[in-house]
Amino acid sequence: MIGIIGLLVAIGILAFLAYKGVGALPLTIAAGLVVIVSNGMNLWESFSEFYMNGYIGFFKSYFLIFASSALYAKLMEDTGSAISIGYKFIDWFGKGRAMLVVLLATSALTYGGISLFVVVFAVSPIIMVLFKEADIPRRLAMGPLLAGSAAYTMTVLPGSPQLTNVVPTTYLGTTLTAAPLFSIIVGLLMFVVEYAYLKWEEKRLRAAGEHFTYIEGTDHTMYQIDRSQLPSATKSFIPLIVVVAMIVGLRKVMPSAASIVLAMTVASAIAMIFNWDRIKDKKELLNKGLGGAIGAIAGPCAVVAFGGLVQNSPAFQNVVAWINGFNMNPYITGVTATAIISGITGSSSGGVRITMETFAQQFIASGANMDYMHRLTSIAAGSLDTLPHSSGLFLMFSWLGLNHKQGYRFVFVTTVLVPFIFTIVCTAAVIALGL
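In our numbering, each residue carries its 1-based index in the sequence shown increased by 108.
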């Protein structure tokens with residue numbers, strides 16, 4: 109019991125310190141100490157093995173992705189290509205639909221198979237233009253970014269290639285399109301709710317006198333130059349199209365990480381060639397672009413490291429055993445386990461994977477419909493996974509020049525509250541209808 113209390117206190121410390129602006133490394137070390145002491149774990153082994161294995165594992169898996177993506181984002185921003193794309197979207201849809209454009213663009217990229225970690229690099233420069241022209245506070249950008257990449261496209265819509273939708277197929281014998289009609293209806297309803305909330309927040313913040321602001325300490329002269337001095341929209345769209353086409357097209361040819369790095373590298377080369385004369389100091393751009401990956405990846409690494417430590421604690425194993433001891437409807441067991449474990453680990457894919465490893469055979473033996481089990485657990489995985497200690501949040505806040513205090517409210521509503529409510533309603537509906 110003391111270990112479980114310590115685990116909850118540690119997560120509370122993470123949330124509190126994150127709101128106070130403490131960096132990911134010191135706050136995860138502080139929270140990790142609470143877990144270690146309350147669970148009677150060996151101090152050195154916990155940090156040198158469990159914590160560092162998680163840190164190094166994430167760094168090894170994602171550093172090249174972050175480096176190539178950060179370079180791409182820097183090139184698209186400094187050459188004016190992203191600004192040109194943003195203005196073209198405004199020409200097509202108008203300033204009043206800036207929120208919808210960001211939400212749809214993020215949704216399309218994620219549903220096409222591009223991960224959240226890549227989407228933030230690809231879309232953030234475009235968001236700056238759209239939000240500047242529409243005079244939407246920059247902190248609200250967290251809303252459409254997370255709603256479009258970590259809600260309905262990741263867990264609900266049939267066919268999504270995101271890992272949270274893939275994991276159940278390997279354990280339950282289902283497909284990516286499990287419960288298609290149900291998934292489409294729920295996905296569309298979730299999209300409508302998310303968009304309605306974001307527009308409400310936009311109006312509320314504008315009425316409160318908030319306006320768009322640039323990221324402090326950054327050079328934003330490119331966003332203020334005359335449109336006639338920007339590269340053409342056609343040339344600007346090509347690198348972005350190359351990124352999407354290569355990642356989607358190479359999915360079955362090479363590992364996902366390799367296709368992302370290759371796509372970002374090729375797109376960066378194209379952007380540089382197209383804008384060769386616009387880049388005054390190519391060496392500085394490369395240094396800043398690639399160097400930006402170090403700062404961007406440090407936070408997620410530390411949070412994943414904390415998750416690795418937690419998963420090796422006796423308290424975490426006790427939580428799993430406690431859930432396993434419940435004598436409940438299998439659908440309720442599935443969504444409860446997935447939501448809780450995703451919340452503790454700060455990862456939707458990690459939560460659904462651990463749930464499936466522990467309960468899959470029990471689910472199959474229960475006689476429940478595995479297509480609906482797949483869909484419900486996926487939706488549940490996307491509810492509590494974005495509590496303040498979620499690894500992706502530290503990347504997004506850092507890249508957009510924000511902190512938890514400024515932007516977490518929008519994250520909570522779009523990726524915790526709304527999915528959590530949908531999890532409860534959908535589970536109740538499936539049980540009531542005898543599906």
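Note that CB positions come from ideal geometry on N, CA and C, so glycine has one too. Remember, it's a predicted structure, so these values are computed and weren't measured experimentally.
Please report the distance separating the alpha-carbon of Ile293 from that of Gly451.
26 Å
Same chain, Cβ closer than 8 Å to Ile121, five either side skipped, listed in chain order:
Leu135, Ala138, Ala139, Val142
Expected contact under 8 Å - CB spacing of Tyr480 and Val538 to nearest Å
5 Å
Cα-Cα, which of Val427, Asn437, Lys396 is closest to Ser177?
Lys396
Pick from Tyr279, Ile144, Ala249, Leu238: whose alpha carbon is nearest that of Thr466?
Tyr279
Tell me whether Gln419 sits in a helix, a strand or coil according to DSSP, three-state version.
helix
Going straight from the alpha carbon of Ile323 to that of Leu508, what length do you get?
7 Å
For the alpha helix (DSSP H) that Lys203 lies in, which residues bound it at each end?
Careful: Lys203 lies outside any alpha helix (DSSP H) and carries neither H nor E.
Let me know the secondary structure DSSP gives Phe320 once reduced to three states.
coil
State the start and end residues of the unbroken alpha helix (DSSP H) segment that holds His482.
478-489
Roughly how far, in whole angstroms, is the beta-carbon of Val412 from the beta-carbon of Gly162, given that I think they are within contact range, below 8 Å?
5 Å
How many angstroms separate the CA atom of Ile303 from the CA atom of Phe530?
Note that residue 303 corresponds to Tyr in the displayed sequence, not to Ile. The alpha-carbon atoms of Tyr303 and Phe530 are separated by roughly 15 Å.
Where Met587 and Tyr305 are concerned, what is the direct C-alpha to C-alpha distance, given to the nearest angstrom?
Residue 587 cannot be examined here, being either before or after the span of the chain that is shown, 109 to 543.
Using three-state DSSP, classify Asn511 as helix, strand or coil.
coil
Whole-number beta carbon distance between Ser491 and Leu115, since they are thought to touch under 8 Å:
Contact doesn't hold; Cβ gap of about 19 Å is too wide.
Assign Asp199 to one of two classes, buried (16 or more other C-beta atoms within 10 Å of its C-beta) or exposed (fewer than that).
exposed
For the alpha helix (DSSP H) that contains Trp308, what are its first and last residues?
288-315
Any contact between the stretch 312-319 and the stretch 266-284? By contact I mean 3 or more CB pairs, one from each, below 8 Å.
no
Return helix, strand or coil for Gly194, following the three-state DSSP convention.
helix
In chain order, each beta strand (DSSP E) run of at least 3 residues that lies wholly inside the stretch 140-186:
none
Below 8 Å on the Cβ atoms is my guess for Gly111 versus Ser146; work out the distance and round it to an integer in Å.
5 Å
Spatial neighbours of Met354 in its chain, beta-carbon cut-off 7 Å, leaving aside the 5 residues before and after
Ser367, Leu370, Ala371, Val374
Excluding sequence positions up to five away, which residues of its chain have a Cβ less than 7 Å from the Cβ of Met184?
Ala190, Pro233, Pro347, Ala379
Nearest to Ile119 (by Cα), restricted to the options Asn150, Ile222, Ala423:
Ala423
In the DSSP assignment, find the alpha helix (DSSP H) that holds Ala264 and state where it starts and stops.
According to the sequence shown, residue 264 is Val rather than Ala. Val264 -> no alpha helix (DSSP H), and no H or E assigned at all.
Nearest CA to the CA of Ala213: which residue from Lys196, Val231, Lys203, Val524?
Val231
Mapping DSSP to helix, strand and coil, what is Phe345?
helix
In chain order, what are the residue ranges of uninterrupted alpha helix (DSSP H) at least 4 long that sit wholly in the stretch 404-466?
422-432, 438-453
Distance, Arg205 Cα to Thr321 Cα:
19 Å
Could you spell out the range, first to last residue, of the alpha helix (DSSP H) harbouring Ile235?
224-242
Check the C-beta distance from Ala406 over to Leu133 and give it rounded, since I have them as a contact under 8 Å.
7 Å
Would Gly295 pass as a contact of Val264 if the rule is Cβ separation under 7 Å?
yes
Mind reading off the beta-carbon distance from Gly515 to Phe505? Whole number of angstroms is fine, and I expect it under 8 Å.
6 Å
Kindly indicate which residue of Thr522, Tyr180, Ser498 has the alpha-carbon position closest to the one of Val350.
Tyr180
Cutoff 7 Å; reference Ala447; Cβ partners in own chain excluding five residues on either side:
Ala488, Ser491, Leu492, Thr531
Distance, Cα to Cα, Gly188 vs Val210?
18 Å
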